[in-house]
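Undergrad: Below: one structure in structure tokens.
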Amino acid sequence: MIPDKIISLLELKRNTGERGARMWIAFNGIVYDVTECPKWRAGIHEFLHFPGQDLTSELQDAPHAEEVFQHDCVKIIGKLEGSNDQRSNL
């Protein structure tokens, strides 16, 4: 279930893992916390993706699909403000 919390783009950009912050990413209008995921521990995923960003357009080039967001280490934070999915009340 997706929480009703709305996350601003600025708040997403602040959660990069630096200075004790969590590592958040967005995909298809949903914001995820990937801090506990082994592939993100270095603060970068596969030397390509950085936390604090909307990665929606980048997943099409990934060797995996959306199922990665179902891993136990991934936590749903809320909806990204202004996204199409957020406006359609997921």
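If you're matching positions, the sequence shown starts at -14 in my numbering and goes up one per residue. We put the CB at the ideal spot given by N, CA and C, even for glycine. These figures come from a predicted structure and were not determined experimentally.
Please report how far the alpha carbon of Lys24 lies from the alpha carbon of Glu66, in whole angstroms.
TA: Position 39 of the sequence shown, counted from the start, is the residue given in the question as residue 24. Position 81 of the sequence shown, counted from the start, is the residue given in the question as residue 66. Near 26 Å, if we compare the C-alpha coordinates of Glu66 and Lys24.
Undergrad: Is Lys60 helix, strand or coil by DSSP?
TA: Here residue 60 refers to the residue found at position 75 when the sequence shown is read from its first residue. Lys60: strand per DSSP, three-state reduction.
Undergrad: For Ser73 and Val53, what's the separation of their Cα atoms in angstroms?
TA: Position 88 of the sequence shown holds residue 73. Position 68 of the sequence shown holds residue 53. Confidence at Ser73 is low in this model, with a pLDDT of 41, below 50, so its placement is unreliable and no value can be given for it.
Undergrad: For Val53, which three-state DSSP category applies?
TA: Stepping through the sequence shown from its first residue, residue 53 is reached at position 68. Val53 falls in the helix class under three-state DSSP.
Undergrad: Can you pull the DSSP bridge partners for Met8?
TA: Here residue 8 refers to the residue found at position 23 of the sequence shown. DSSP lists Thr1 as partners of Met8.
Undergrad: Can you tell me whether DSSP reads Arg72 as helix, strand or coil?
TA: As a first step, residue 72 must be located in the sequence shown, where it is residue number 87. Note on Arg72: pLDDT 37, under 50, position unreliable in the model; the coordinate value appears next. Helix at Arg72.
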